[in-house]
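A.B. asks: Residue 3 in the UniProt record's numbering sits at position 3 of the sequence shown, with consecutive numbering throughout. Glycine included, C-beta positions come from ideal geometry on N, C-alpha and C. Source: prediction; values computed, not measured.
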Amino acid sequence: MRAHIGVVRHGARRALIAGVLLAGALSASGPAAFAEQPKPAASPIYGVTIPPGYRKWEMVAPAEEAAPLDELRVVLGNPVAMRALEKSTLPFPDGTILVKLAYKRKQSDEFPPATVPGQATTVQVMVKDSRRYASTGGWGFGRFINGVPADIGQHQTCFACHQARVKNHDFVFTRLAP
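#1: Curious, which full-length alpha helix (DSSP H) runs of at least 4 residues does the segment 30-98 contain?
#2: Three-state secondary structure (DSSP) at F141?
#3: Thinking just about the alpha-carbon of each residue, which of G137, S130 and V123 is nearest to the one in Q163?
#4: Which first and last residues belong to the alpha helix (DSSP H) in which G147 is found?
#5: Going by DSSP in three states, T174 sits in which element: helix, strand or coil?
#6: By Cβ distance, which residues of its chain are closer than 7 angstroms to K104, with the 5 residues on each side in sequence left out?
#7: Looking only at its chain, what residues have a beta carbon closer than 6 angstroms to the beta carbon of residue 203, apart from the 5 residues adjacent to it on each side?
#8: Give the range of the alpha helix (DSSP H) segment to which A164 is assigned.
#9: For the beta strand (DSSP E) that P117 lies in, which residues bound it at each end?
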């Protein structure tokens with residue numbers, strides 16, 4: 001019985017020391033340790049943000065934009081988007097997210113006949129939520145320059161352009177690359 005009491009006291013002492021060290025570490029980091037992280041910047045009109053982890057999503061398709069933009073673009077899709085694209089599902093289901101990365105075209109230094117991505121220009125995001133974005137075909141739009149949403153004027157053109165050109169493809173330009 002005495003040996004058991006010694007073990008309990010020794011264990012209690014370790015727990016007390018660990019608690020004091022933990023409390024000290026938390027107080028040293030101050031209230032910032034518990035502060036809510038800042039919310040990502042949202043696009044005007046739609047409230048769309050750049051989705052976390054999007055760079056690990058699958059590629060839907062690359063594209064080249066001619067003058068005056070002269071850009072290389074690649075569209076990435078979240079798993080919901082990829083399943084819909086692979087099955088040719090229209091309309092796209094809610095939860096679909098497409099992200100377009102755009103870069104200035106640049107001649108390759110190593111292989112001059114090749115064009116490679118240069119400076120990043122925009123990240124554009126489409127989010128399907130048929131209730132929230134009912135007035136825009138179920139889609140919310142975001143256009144970001146250096147992680148900051150573009151102005152409201154640019155966002156006012158998103159749906160009109162998609163509606164005029166690809167209404168019959170659920171407002172999506174990109175098709176799954178073969």
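C.D. replies: For this structure:
#1: 79-86
#2: strand
#3: G137
#4: Taken as a continuous stretch (DSSP letters only), G147 belongs to no alpha helix (DSSP H), as it is neither H nor E.
#5: T174 falls in the coil class under three-state DSSP.
#6: The answer, listed in chain order, is D70, E71, G118, Q119 and T121.
#7: Outside the displayed range of the chain (1 to 178) lies residue 203, so it cannot be described from this structure.
#8: C158 to V166
#9: Annotation: the continuous beta strand (DSSP E) that includes P117 extends over T115 to K128.
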